[in-house]
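In what follows, a single structure is set out as structure tokens and then discussed.
2 protein chains.
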Amino acid sequence: MTESTMNPQAQRTQNLMLTAAQDLLSEHGAEAVTHLKVAQNAGVARATVYRHWPDRAAILVDLLRTNADIAPVPPDPGPALADRVTATLATFAKALNGDGGRTLAAMIGLAEWDEDVFAALERMTQFGPMLLRTIIADGIDDGSLVAGSDPGLVVDMLIGPLYFRRLLYHDHLDNTYIEALVRRTITPLLST
Amino acid sequence: MTESTMNPQAQRTQNLMLTAAQDLLSEHGAEAVTHLKVAQNAGVARATVYRHWPDRAAILVDLLRTNADIAPVPPDPGPALADRVTATLATFAKALNGDGGRTLAAMIGLAEWDEDVFAALERMTQFGPMLLRTIIADGIDDGSLVAGSDPGLVVDMLIGPLYFRRLLYHDHLDNTYIEALVRRTITPLLST
DNA sequence: GTCAACATGATACAGTTTGTCCCAAGTAAG
DNA sequence: CTTACTTGGGACAAACTGTATCATGTTGAC
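Protein sequences appear in the order of chains C and H.
Under this note's numbering, the final residue of the first sequence carries the number 249; numbering is consecutive throughout.
Under this note's numbering, the final residue of the second sequence carries the number 249; numbering is consecutive throughout.
Take a look at the structure:
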């Protein structure tokens, strides 16, 4: 049942419940997202929550589906390649610093044992890397980056450290860090 | 109560329970680590599990404490700096490919909302980066790496991608990937 | 070996949570 | 207006949680 084909009443109720679920997730973690608490926080009957989702994982999957992507805002197309990369990473970091980071942390644990959550997680996190990869690949094509560069690896080297510091150390990702990261990663690849 | 000061009987029971808890965590995730299931899988009375740990988080924290570190084996001290880095990352990758990766994934979600878990997670993951940082810093000191390199950032660029690919994509981390990563990261920093 | 201190097993208990079902009441749409 | 869909509210059994009690088994000092 896609949202567009749903009864407007069902849509309203589902939005109420998803909002409540998102609040619970942000404030108390995935374990707090139970049918009971979602129902209470949404002002809805418990049976209604069960009617929409059979288990906790299904709620969380729909939560991710609603979020669409962790960093949906495309970056400004700056002139220099390094600037475009920095801008892309900055939007990514902003999402990780905010609610996206907590949602992501909760999902990673569940995705390990639930393939539906894993699939939702992939959809949620594919956009940023894909965008970066395109920027890098374009740089190789137009000659601003040396030909030997593996775009996939470069993307990992740019995004990996952000995830690492956010998830493992709970760091706030600031522009200074991102700029240093981009400088260190991209500079050796510049062909000029 | 440290393990060394414990009654041997209590030690035996606790080890049984921790083993059962680790199995549950690896097989079914953090949510499956309940007092009841740990008791059943360890062949122990439920009350005994409560006697050792008041809640689920305490069990998981002790699990991390027992694991000591995600990659406890120190790497072979190879001659070339790049080789030492590669060896260190390889032991790290091995742990992430195995049980350590699943434990880590489960902990990351909980650490976001439980500071005890976060502290345990830090203890668990500090060794690898620290070791790498030392290797990098030594390389700067003895002149094999250029002076401008920030050891902390270099470590992030080496470890971050491993976490990223393991946690987000469930990749198996092989030596080819690690070698490419080290080449791309370390080569531009070599002073020779 | 005896004995006091400690740890466990077994059971009981109240309270909470889970998952499912039912039916009356409310909403949507032809 | 009328039919189909959705919700609210309640009931229910099952499982889980957290605590307590007490008899039994283990430990380690004497």
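The beta carbon of each residue, even a glycine, is placed where N, CA and C say it ideally should be.
Computed from a prediction, not measured in an experiment: that's the story for all the values here.
Where residue i sits in the DSSP three-state scheme
i                      : result
residue 230 of chain C : coil
residue 119 of chain H : helix
residue 64 of chain C  : coil
residue 90 of chain C  : coil
residue 106 of chain C : helix
residue 101 of chain C : coil
residue 80 of chain H  : helix
Nearest-angstrom Cβ-Cβ length linking residue i and residue j, presumed shorter than 8 Å
i                      : j                      : result
residue 186 of chain C : residue 212 of chain C : 5 Å
residue 82 of chain C  : residue 120 of chain C : 7 Å
residue 221 of chain C : residue 216 of chain H : 6 Å
residue 150 of chain H : residue 219 of chain H : 6 Å
residue 167 of chain C : residue 117 of chain C : 7 Å
residue 153 of chain H : residue 246 of chain H : Going by Cβ atoms, the distance from residue 153 of chain H to residue 246 of chain H rounds to 24 Å, so no, they are not a contact pair.
residue 214 of chain C : residue 223 of chain H : Not really, about 15 Å apart at Cβ, beyond 8 Å.
residue 176 of chain H : residue 87 of chain H  : That belief does not hold up - the Cβ atoms of residue 176 of chain H and residue 87 of chain H are roughly 17 Å apart, past 8 Å.
residue 172 of chain C : residue 159 of chain H : No, residue 172 of chain C and residue 159 of chain H are not in contact; Cβ-Cβ is about 14 Å, not under 8 Å.
residue 203 of chain C : residue 146 of chain C : Not quite, the Cβ-Cβ distance comes to about 21 Å (not below 8 Å), so this is no contact.
residue 197 of chain H : residue 206 of chain H : 6 Å
residue 105 of chain C : residue 62 of chain C  : In fact, because the Cβ distance is near 19 Å, the residues do not count as touching under 8 Å.
residue 91 of chain C  : residue 113 of chain C : 7 Å
residue 165 of chain H : residue 165 of chain C : 5 Å
residue 200 of chain H : residue 248 of chain H : 6 Å
8 Å Cβ cutoff, residue i in contact with chain C
i                      : result
residue 155 of chain H : no
residue 122 of chain H : no
residue 80 of chain H  : no
residue 188 of chain H : no
residue 180 of chain H : no
residue 220 of chain H : yes
residue 110 of chain H : no
residue 87 of chain H  : yes
residue 165 of chain H : yes
residue 213 of chain H : yes
residue 227 of chain H : yes
residue 224 of chain H : yes
residue 162 of chain H : yes
residue 200 of chain H : no
Any chain H beta carbon closer than 8 Å to residue i
i                      : result
residue 207 of chain C : yes
residue 184 of chain C : no
residue 149 of chain C : no
residue 236 of chain C : no
residue 243 of chain C : no
residue 69 of chain C  : no
residue 197 of chain C : no
residue 103 of chain C : no
residue 192 of chain C : no
residue 141 of chain C : no
residue 116 of chain C : no
residue 210 of chain C : yes
residue 217 of chain C : yes
### Query
Does the count of Cβ pairs from the segment 180-198 of chain C and the segment 169-187 of chain H closer than 8 Å reach three?
no
### Message
Going residue by residue through the segment 131-180 of chain H, where are the continuous alpha helix (DSSP H) segments of at least 4 residues, counting only ones entirely within it?
### Response
138-154, 156-168
### Query
With a cut-off of 8 Å, do at least 3 Cβ pairs link the segment 91-107 of chain C to the segment 67-75 of chain C?
yes
### Message
To test your reading of the DSSP string, which unbroken alpha helix (DSSP H) runs of 4 or more residues are found completely within the segment 182-248 of chain H?
### Response
184-198, 208-226, 232-243
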